[in-house]
Amino acid sequence: MNILITEEQFDTIKKEEFKKILFKYWDIQKKKGKSPELDEIVYDITGVKKNSSKDYDLVRPIWYEYNGGYEKLFSELREETKGKRFNIKGNHNLDIVVNVDYVTAYDISNSGGMVDLICSVYKGTVDYEFYDADSNEPEIEQNVDIFDVYHDLEYDTEEFTRFINDSIGYYFNKKFDYFGIPLYVETTW
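Sequential numbering of the sequence shown, starting at 0, is according to numbering that gives the first Met the number 0.
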C-alpha cells in the first residue's frame, strides 16, 4: 500500500519533527545552566544554512515559539536598544558612538519579521583615505572625526554611509544574536 502526501503535508511533518528535536535540544541547554541559543549545532541538526530563507521560514519560527513568540522577543529587543547609546569599534580604526532612536518591526508574518534600527551618530573617528590633490596619490589620515569625513565627502557619501551602516549592523546582529531577529541599520547624521 502506498500513501501519497502533498509537499505541504511533508513540510508540516518535517517542521513538527524539527520542532521536537530543537525544543529538546534547547531544554537540554537549559538543564545544563546555559541559555538556549541559535548556535551552529541547531543548523547542523536541521541542515539549514544560517540566515537563509529556509532558516527564516523553518528554524526561526520554532525559535520564536520556544521563546514565547516573536512579539515578546521584539519587545525585549526594543527594551534593550531603544534610547540607548552604544560605542562600536570596527574596521579602518572605526570608533563610533551611536544612539538608537527608533526600533521598528516590519514584514511580520507567521515566521517572524525584520527589524530596523534607526541610529543617530553621536561622535566618532575613523581612518580616512583620500587622494592628495598635489601628488594624486592616496593618503591615509588616522583618527579623523567622523563628521569631518562625512562633510568632506560632500555629495559622495553613499559608500561611506554603507560602511558605517554595515559596521553598526554587524555589531548589533552579533550583540543581539540571541533574539534571533534579523536587524537592519540606518544612520542619521
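Virtual Cβ for every residue (Gly too), placed ideally from N, Cα, C.
Quick caveat, the model's predicted, so the values are computed rather than measured.
Residue state for P35 is assigned as coil, using DSSP reduced to three classes. Under the three-state reduction of DSSP, N98 is assigned to strand. Straight through space, the alpha carbons of K19 and F171 are spaced by roughly 30 Å.
Between L37 and G179, the beta carbon gap of about 5 Å places them in contact (Cβ cut-off 8 Å). Unbroken alpha helix (DSSP H) stretches of 4 residues or longer found wholly inside the segment 121–186: 145–151, 157–174, given in chain order. Sequence-distant Cβ neighbours of E79 in its own chain, meaning closer than 8 Å and more than five residues away, are F175. Under the DSSP assignment, K88 falls in the beta strand (DSSP E) whose first and last residues are 84–89.
E70 and P60 have their C-alpha atoms spaced approximately 12 Å apart. The beta-bridge partner set that DSSP reports for L93 consists of G89. DSSP, reduced to helix, strand and coil, places S74 within a helical segment of the structure shown. With a threshold of 16 other beta carbon atoms within 10 Å, T187 falls short and is exposed. Inter-segment contact for the segment 138–154 and the segment 32–52 is absent: fewer than three beta-carbon pairs are separated by less than 8 Å.
Bounds of the alpha helix (DSSP H) holding Y65 are 59–65.
For S51, the three-state secondary structure derived from DSSP is coil. With 16 or more other CB atoms across the displayed protein chains lying within 10 angstroms of its CB, G112 is buried. By the Cβ rule, the segment 121–131 counts as touching the segment 83–98, because three or more pairs are nearer than 8 Å. Residue pairing by DSSP puts I117 in a beta bridge opposite Y101, E185. L116 is positioned such that its CB atom lies closer than 7 Å to that of V184. Contact between D100 and T124 is absent: CB atoms are separated by about 22 Å, not below the 8 Å threshold.
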